[in-house]
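Enquirer: For the sequence shown, position 74 matches number 74 in the working numbering, and the numbering has no gaps at all. Don't be surprised by glycine CBs; every beta carbon is placed ideally from N, CA and C. The structure displayed is predicted, hence computed values, not measured ones. The structure is given below, and queries will be raised subsequently.
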Amino acid sequence: SHSPHLLHSSVIFPHSRYNSPTSRPCPSSILWALVPHKPLEVCVEGRRQGVTKKCRDNGRLMVCKMELLRTFLQVSGDRFQRMAYRDIKASADQYRINWTQTRSRLGAWTTKPCHLEHFNISE
């Protein structure tokens, strides 16, 4: 089973956005994954670092919704091929239950408008 073990600390981080209202988040991040083909990605503002506007489709991160859907469809067979990303997620009862419980423990979590999840691979 892949059940996460979430821990919580009562120690206050002095540099948090709540304690430093003028702070701004860094647009850069590093993604690590235990996969053979792309174990590391450096990204800036949600895109792979170094990708130009002309090559935006090639700049998708391995953890973006489109790439996660593509990988899911490769392993799931034909059942979901014509379904939208949001509809596939909505059909996963255990996922919804687990994610609701996780979010309730994490507190604030950013969300995006629902219409951004209405896509499929053919689009």
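DSSP beta-bridge partners for Cys43?
Expert: Ser29 and Arg48
Enquirer: If contact is defined by three or more beta carbon pairs under 8 Å, each pair taking one atom from either stretch, is the region 22-32 in contact with the region 41-49?
Expert: Flag = yes, the region 41-49 and the region 22-32 touch.
Enquirer: Which residue from Gly107, Met66, Leu61 and Ser76 puts its Cα closest to that of Lys38?
Expert: Of the candidates Gly107, Met66, Leu61 and Ser76, the one whose C-alpha sits nearest the C-alpha of Lys38 is Leu61.
Enquirer: Given that a residue counts as buried once 16 or more other Cβ atoms are within 10 Å of its Cβ, and exposed if not, what is Tyr18?
Expert: exposed
Enquirer: Among Leu68, Ile12, Ser23 and Leu6, which has the Cα closest to the Cα of Ile88?
Expert: Leu68
Enquirer: What does the alpha-carbon distance come out to for the pair Met83 and Gln49?
Expert: Answer to the nearest angstrom: the Cα atoms are 31 Å apart.
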